[in-house]
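Chemist: Numbering (this note's numbering), first residue to last: 300 to 661. C-beta: ideal position from N, C-alpha, C; glycine also. Small disclaimer: the values here were computed from a predicted structure and weren't measured. My structure is below; once you've seen it, I'll send some questions.
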Ligand SMILES: [Mg+2]
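Below, the structure written as structure tokens:
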């Protein structure tokens with residue numbers, strides 16, 4: 300089975316988040332940018348992947364179209380890990396982080412979708428087993444920057460049956476308002492590397508005192524594992540969505556200060572790198588993987604397959620927004636705080652061609 304053709308498809312799907320969209324991104328965030336990777340084999344099978352593309356879809360698509368895809372036509376499609384190593388070695392001059400590895404992640408997910416389809420099995424069966432039929436989800440609220448709006452959506456998520464709610468607020472006022480509204484739900488706080496260490500120390504102590512389940516990416520830069528370790532006696536720390544390849548995760552896990560490593564399948568290098576990270580986490584008693592997944596395309600489905608295969612049950616990150624349309628008609632959404640794992644072959648579902656035609660860019 301050889302790679303006959305690879306297409307990249309750029310989509311923009313508008314969404315509403317109930318706020319202003321002006322929280323944590325370079326400019327207002329109100330659409331889901333996706334670069335889909337579609338690989339067709341000489342046997343006629345088709346696999347789908349997604350490369351991380353929020354605010355960088357043009358660059359990711361160019362890396363795929365101009366640099367990566369020409370290397371892959373005619374290559375053996377049955378060994379995604381070999382393709383991953385080939386690409387990482389050939390692309391070493393351009394950095395195995397950022398745009399390059401986002402693009403590579405899209406290829407890798409599509410190859411694993413193909414491999415599972417060729418075997419006639421859900422992807423989970425190839426990467427550890429279908430260990431569970433559903434996973435608990437957490438409502439991952441955007442940063443509203445307004446305590447009242449944040450508290451209102453915290454209460455709404457609680458009423459919808461979520462047992463876990465994650466905030467992206469950075470002020471004590473906003474986090475406190477949500478803490479008052481969370482009822483019996485567990486609270487997580489993600490500040491996207493926002494705090495200098497002295498502020499992080501104060502906030503970590505307070506968050507620990509109110510029983511926060513984890514504090515995510517408290518400080519800058521995200522590669523400073525020792526800095527995060529200095530906070531970890533106050534509140535459990537999570538981090539990793541901005542790390543790429545298993546190399547960085549092995550170092551993060553070895554540092555000992557991060558309880559919840561958070562590899563992101565569309566950023567880290569796809570399933571092939573994820574498998575190495577799963578192994579590293581299994582070997583370390585203190586590390587419990589919590590895959591990062593604010594996605595709505597193949598990255599969403601791939602994360603559910605990973606969540607099914609992990610030894611320890613993870614929480615599934617569900618970005619608490621309302622997309623205008625769904626790429627997969629059958630997308631399993633959280634119901635009473637749980638998401639069902641698709642049981643179909645590969646990633647589980649095929650994208651809806653009408654949605655692709657409607658939201659395609661260029
Ligand atoms: Mg995060």
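Would you decide whether residue 384 is buried or exposed? Buried here means 16 or more other CB atoms lie within 10 Å of its CB.
Modeler: exposed
Chemist: My output table needs one value for residue 399: the three-state DSSP class, helix, strand or coil.
Modeler: Residue state for residue 399 is assigned as helix, using DSSP reduced to three classes.
Chemist: Rounded to whole angstroms, what is the Cα-Cα separation between residue 322 and residue 424?
Modeler: 38 Å
Chemist: Measure the Cβ-Cβ separation of residue 636 and residue 443 and say whether it is below 8 Å.
Modeler: no
Chemist: Could you tell me the alpha carbon to alpha carbon distance between residue 481 and residue 374, rounded to whole angstroms?
Modeler: For residue 481 and residue 374, the distance between alpha carbons rounds to 52 Å.
Chemist: Assess contact between the stretch 608-620 and the stretch 395-412, defined as three or more Cβ pairs (one per stretch) separated by less than 8 Å. Is contact present?
Modeler: no
Chemist: Using the rule of at least 16 other Cβ atoms within 10 Å of the residue's Cβ for burial, across every protein chain shown, is residue 516 buried or exposed?
Modeler: Burial call: buried.
Chemist: I'd like to know if the stretch 410-422 and the stretch 430-450 are in contact, where contact means that at least 3 CB-CB pairs between them fall below 8 Å.
Modeler: no
Chemist: Drop a sphere of 10 angstroms on the beta-carbon of residue 306, count the other beta-carbons inside from all chains shown, and report buried for 16 or more, exposed for fewer.
Modeler: With fewer than 16 other Cβ atoms within 10 Å, it is exposed.
Chemist: How should residue 621 be labelled, buried or exposed, when 16 other C-beta atoms within 10 angstroms of its C-beta is the threshold for buried?
Modeler: exposed
Chemist: Is residue 364 near ligand 1, going by C-beta to nearest heavy atom under 7 Å?
Modeler: No, the Cβ of residue 364 stays beyond 7 Å of every heavy atom of ligand 1.
Chemist: Check residue 301 in the structure and name its three-state DSSP category.
Modeler: strand
Chemist: Tell me the residue span of the alpha helix (DSSP H) that contains residue 555.
Modeler: Unbroken run through residue 555: none, as it is neither H nor E.
Chemist: According to DSSP, simplified to helix, strand and coil, what is residue 391?
Modeler: helix
Chemist: Does any heavy atom of ligand 1 sit closer than 7 Å to the C-beta of residue 306?
Modeler: Every heavy atom of ligand 1 is 7 Å or more from the Cβ of residue 306, so no.
Chemist: Between which two residues does the alpha helix (DSSP H) carrying residue 602 extend?
Modeler: That run of the alpha helix (DSSP H) goes 597-608.
Chemist: Just to confirm my understanding: we take residue 552, look at its own chain, exclude 5 residues before and 5 after, and list those with CB closer than 7 Å. What are they?
Modeler: 560, 579, 580, 583, 586
Chemist: Inspect the CB distances between the stretch 388-403 and the stretch 361-370 and report whether three or more fall short of 8 Å.
Modeler: yes
Chemist: Is it the case that the Cβ atoms of residue 372 and residue 302 are separated by a distance below 8 Å?
Modeler: A contact, by the Cβ cut-off of 8 Å.
Chemist: How about residue 527 and residue 556: are their beta carbons less than 8 Å apart?
Modeler: yes
Chemist: The alpha helix (DSSP H) that contains residue 615, what's its start and end?
Modeler: Segment 615-618 is the beta strand (DSSP E) holding residue 615; no alpha helix (DSSP H) there.
Chemist: Just verifying my parser: in three-state terms, what is the DSSP assignment at residue 314?
Modeler: strand
Chemist: Name the one or two DSSP bridge partners that residue 338 has.
Modeler: 305, 346
Chemist: What does a CB cutoff of less than 7 Å around residue 428 pick up in its chain, not counting 5 residues either side in sequence?
Modeler: 608
Chemist: Tell me whether residue 522 counts as near ligand 1, meaning its Cβ is closer than 7 Å to at least one heavy atom of that ligand.
Modeler: no
Chemist: Ligand 1 and residue 316: does any heavy atom of the ligand fall closer than 7 Å to the residue's C-beta?
Modeler: no
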